[in-house]
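A.B. asks:
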Amino acid sequence: MANSADLVQAIAECIENSETNKASSILEDPKNKESISSNCWDIIHILCAKLNQDVYDKQPAMFHCCEKLLNKVTELSCPEEALLELIEQAECLDNDHRFLALLKPIHNLLKRMPDKRGRSLVWCLNLVATHLSALQEPDCYKFQGDERVLLDLDPATRRAIDIYDSIVPFYEPFIEEVSLFRPYESADKPIAAQRQYQRYVLAAFLIHLLGKPLVFMDLDYDGKTKSRIYCIAENIVGFLDHLMPDLVPILFDKYVAKKKISQNDDWDEDPLKMFLYEDKVPTLGLANLVYLTLAGGLSRQCIPRVYSSNFIFQIGLHLSTELLLVSHDLSVWKGLQLAERLMLIVPKSSIPFTMLDLPVHKKFCTTLEKVVVYCEVEGYRGKGIKVFQNYVMLMDFAAQYQVFIKLFPVLQHSGFKGLLVTMLKDTIRLTLNSVHIPHVQLYRGKSLLKLLEVYCVVPNGPEVDLMDHSDHIISLLNLLWYLSLADGGDVLGLWEHAPYLDRNFIHPLKNGLKLSRAHYELKIHQLEEERMGPQGKDSKKEKIEVAVTVHGQAVADLSYEEKKQILNVALNKFSIMESLLSNIREKVEGRFAART
2 MANSADLVQA IAECIENSET NKASSILEDP KNKESISSNC WDIIHILCAK LNQDVYDKQP
62 AMFHCCEKLL NKVTELSCPE EALLELIEQA ECLDNDHRFL ALLKPIHNLL KRMPDKRGRS
122 LVWCLNLVAT HLSALQEPDC YKFQGDERVL LDLDPATRRA IDIYDSIVPF YEPFIEEVSL
182 FRPYESADKP IAAQRQYQRY VLAAFLIHLL GKPLVFMDLD YDGKTKSRIY CIAENIVGFL
242 DHLMPDLVPI LFDKYVAKKK ISQNDDWDED PLKMFLYEDK VPTLGLANLV YLTLAGGLSR
302 QCIPRVYSSN FIFQIGLHLS TELLLVSHDL SVWKGLQLAE RLMLIVPKSS IPFTMLDLPV
362 HKKFCTTLEK VVVYCEVEGY RGKGIKVFQN YVMLMDFAAQ YQVFIKLFPV LQHSGFKGLL
422 VTMLKDTIRL TLNSVHIPHV QLYRGKSLLK LLEVYCVVPN GPEVDLMDHS DHIISLLNLL
482 WYLSLADGGD VLGLWEHAPY LDRNFIHPLK NGLKLSRAHY ELKIHQLEEE RMGPQGKDSK
542 KEKIEVAVTV HGQAVADLSY EEKKQILNVA LNKFSIMESL LSNIREKVEG RFAART
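Mapping of the sequence shown onto my numbering: residues 2 to 597, in sequence order.
1. Please name the residue, chosen from Leu244, Ala499, Lys274 and Val291, that lies closest to Ser321 on a Cα-to-Cα basis.
2. Would you report the Cα separation of Cys232 and Ala296, rounded to the nearest angstrom?
3. With a CB to CB cut of under 7 Å and the five nearest residues on each side skipped, what residues in its chain are close to Phe100?
4. When DSSP builds the beta bridges, which residues end up paired with Ile352?
5. Please confirm whether Val388 and Glu341 have their CB atoms less than 8 Å apart.
6. For Leu103, which of helix, strand or coil comes out of DSSP?
7. Looking at Gly385: is its Cβ nearer than 8 Å to the Cβ of Leu369?
8. Measure the C-alpha to C-alpha separation of Lys418 and Gly298 and round it to an integer number of angstroms.
9. Leaving aside the five residues before and after Glu29 along the sequence, list all residues of the same chain whose C-beta is less than 8 Å from its C-beta, in chain order.
10. Is the beta carbon of Tyr456 less than 8 Å from the beta carbon of Val422?
11. Using CA coordinates, which residue listed in Arg229, Gly224, Val202 and Pro174 is at the minimum distance from Leu152?
12. So what's Gly441 in DSSP terms, helix, strand or just coil?
13. Report the three-state DSSP secondary structure of Phe598 (helix, strand or coil).
14. Give me the Cα-Cα distance between Asp427 and Val411, rounded to the nearest whole angstrom.
15. Could you tell me whether the Cβ atoms of Ser485 and Ile585 are closer together than 8 Å?
16. Please determine if the region 360-375 and the region 398-416 are in contact, where contact requires at least 3 C-beta pairs separated by less than 8 Å.
17. Output needed for Glu68: all residues of its chain with C-beta closer than 6 Å, excluding positions within five of it in sequence on either side, in chain order.
18. Helix, strand or coil for Thr226, going by three-state DSSP, please let me know.
19. Taking 8 Å as the cut-off, does the region 232-245 touch the region 159-179 (at least 3 CB pairs, one atom from each stretch)?
20. What would DSSP say about Gln197, mapped onto helix, strand or coil?
21. Would you please state the rounded distance, in angstroms, between the beta carbons of Lys574 and Leu528? I believe it to be under 8 Å.
22. Taking only three categories from DSSP, how would you classify Val327?
23. What runs of the alpha helix (DSSP H), each 4 residues or longer, lie entirely inside the region 352-380?
24. Just to confirm the assignment, what range does the alpha helix (DSSP H) spanning Val417 have?
25. If Ile44 and Ile12 are in contact, beta carbons under 8 Å, what's the gap, nearest whole angstrom?
26. Please report the distance separating the alpha-carbon of Leu87 from that of Leu339.
27. Determine the contact status of Pro305 and Asp254, defining contact as a CB-CB distance below 8 Å.
28. Going by beta-carbon coordinates alone, are Ser121 and Leu71 separated by less than 8 Å?
29. Where does Glu68 sit, in a helix, a strand or coil, going by DSSP?
What follows is the structure, encoded as structure tokens:
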């Protein structure tokens with residue numbers, strides 16, 4: 002060619018006229034090597050313009066030819082210059098075809114610059130992470146059991162799998178270069194530091210791959226057939242074993258010690274600090290890694306067994322909570338699976354009360370409560386209840402006492418509170434049957450009074466609608482009735498506090514039940530009048546509102562029969578409470594009479 006401008010113009014015309022063979026011959030001519038190198042940005046721009054969905058569908062030969070020509074251009078170009086242009090062209094979040102087509106030339110350029118790769122590798126891996134993070138999340142289908150094989154048919158899942166299939170091999174040669182399983186080749190300190198830097202950078206971005214959208218996909222393995230996405234996750238975790246065999250110190254710094262990042266921190270000088278940046282190493286990526294390691298059994302390297310089970314439990318509880326907080330059903334499932342596994346690695350009655358000072362325990366319990374109450378998948382709700390029961394059983398008796406006394410006031414749902422009351426009853430029953438249990442005095446005398454002060458409270462006074470609190474009130478009455486029967490000798494010292502119970506719980510509850518029953522009986526009467534039809538001034542009456550909520554959402558347009566059934570259920574619950582309360586009052590009055 003006469004000059005560089007003519008060469009660029011000639012290539013542009015060939016591509017525009019679909020003369021791919023002519024364009025290829027121009028690029029392969031040794032005489033044009035220098036011009037191609039000096040004009041690589043312009044040539045890359047011309048070729049990348051054809052890497053789009055329309056050309057891929059209508060002119061596949063043109064698309065693949067431009068891919069080959071790009072590889073040829075990058076072979077002849079200065080790696081640093083060509084890499085910058087390719088990265089810019091690959092920043093196309095809505096064009097997967099171009100992004101995937103450019104991965105190979107980017108990969109080849111990085112391999113050509115081993116001594117100058119440091120920052121360039123970060124740019125390229127950040128490009129990959131950004132593209133993945135921008136992918137659409139798979140929908141929530143709430144499938145269970147065998148139905149979950151259908152999850153891989155979701156369009157967003159299939160798109161993500163295709164991209165992961167190309168990305169994972171992109172990492173492999175760079176991991177092999179610095180693998181801890183590879184014999185060490187040099188004792189030179191700068192080379193060793195460069196290898197360590199590359200190791201940490203690769204590990205950080207591999208963890209990023211485990212975040213969105215992978216965390217929202219089905220990664221369970223039934224022991225028979227491995228899905229494509231499971232194999233991808235398996236490869237990523239396997240790569241991490243080559244780079245960082247122990248992630249526990251990083252997890253501790255980030256979630257237990259809560260190490261902060263200062264403005265002066267530079268992870269270029271200390272790449273370990275990269276793991277503290279949420280945008281570089283997202284929490285969901287780490288949570289998914291720990292899930293795959295502990296619940297999925299994919300690695301024994303990331304979390305070595307040299308650490309105590311209680312220590313791993315504290316770290317895992319943080320990450321399980323983060324998974325449960327995400328509204329996607331497969332993230333919730335992973336959180337439950339991880340929590341269930343954590344309960345198995347810690348011996349029962351082994352967690353002391355001193356460990357409960359960590360805020361994660363409150364956060365875990367309140368998050369689990371929302372899953373148990375509001376999750377739309379029945380199997381998840383049932384698993385959540387079992388996880389909570391096992392969690393409490395991990396505590397020793399002193400720690401259980403702290404859970405009972407501190408958790409009840411922060412719980413929101415009456416049904417979940419009722420579950421906690423039932424567990425309290427079981428614990429007290431154990432202390433009655435064995436005087437040799439450590440800390441047995443925590444459930445007697447003044448310590449028992451503290452529990453009663455927390456639990457035996459009529460919510461918001463006697464005027465409250467007791468139907469909203471019926472589950473835990475019935476559980477409380479069952480607890481008191483059980484204690485009155487099982488502890489005839491007053492070993493617990495319950496009857497010392499009978500005046501307190503009568504004044505602060507029994508009497509207010511009796512009045513509250515009267516008001517609530519009257520309110521619901523009035524509603525039933527009004528509902529019957531409404532059904533009879535408008536007569537005289539009754540025609541001006543408004544419709545009777547009966548509110549029902551499912552998963553936090555109000556259900557509208559209830560029929561007469563449905564409204565009547567709901568109101569009758571409320572009256573039945575009031576009858577149960579009144580019956581239990583009457584029996585308890587009789588016991589209390591009998592104790593008063595015996596003492597006088």
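Quick reminder that beta carbons are idealized off the backbone N, C-alpha and C, glycines included.
C.D. replies: Straight from the coordinates:
1. Val291
2. Between Cys232 and Ala296, the C-alpha separation is close to 16 Å.
3. Result list for Phe100: Ala91, Cys93 and His132, in chain order.
4. Met396
5. Yes. Within cutoff.
6. In the three-state reduction of the DSSP assignment, Leu103 falls in the helix class, which pools H, G and I.
7. yes
8. 34 Å
9. Lys73
10. yes
11. Arg229
12. It should be noted that the sequence gives Val, not Gly, for residue 441. Correct three-state label for Val441: helix.
13. Past the boundaries of the shown model lies residue 598; the chain is included only from 2 to 597, so the question cannot be answered.
14. 21 Å
15. yes
16. Judged by pairs of C-beta atoms under 8 Å, the region 360-375 touches the region 398-416, as three or more such pairs exist.
17. Ala102
18. coil
19. yes
20. helix
21. Not really, about 18 Å apart at Cβ, beyond 8 Å.
22. coil
23. 361-375
24. Before going further, note that residue 417 is Phe rather than Val in the sequence given. Taken as a continuous stretch (DSSP letters only), the alpha helix (DSSP H) holding Phe417 covers Ser415 to Asn434.
25. 6 Å
26. 40 Å
27. Against a cut-off of 8 Å, the Cβ pair of Asp254 and Pro305 comes out as no contact.
28. The Cβ atoms of Ser121 and Leu71 lie no closer than 8 Å to each other.
29. helix
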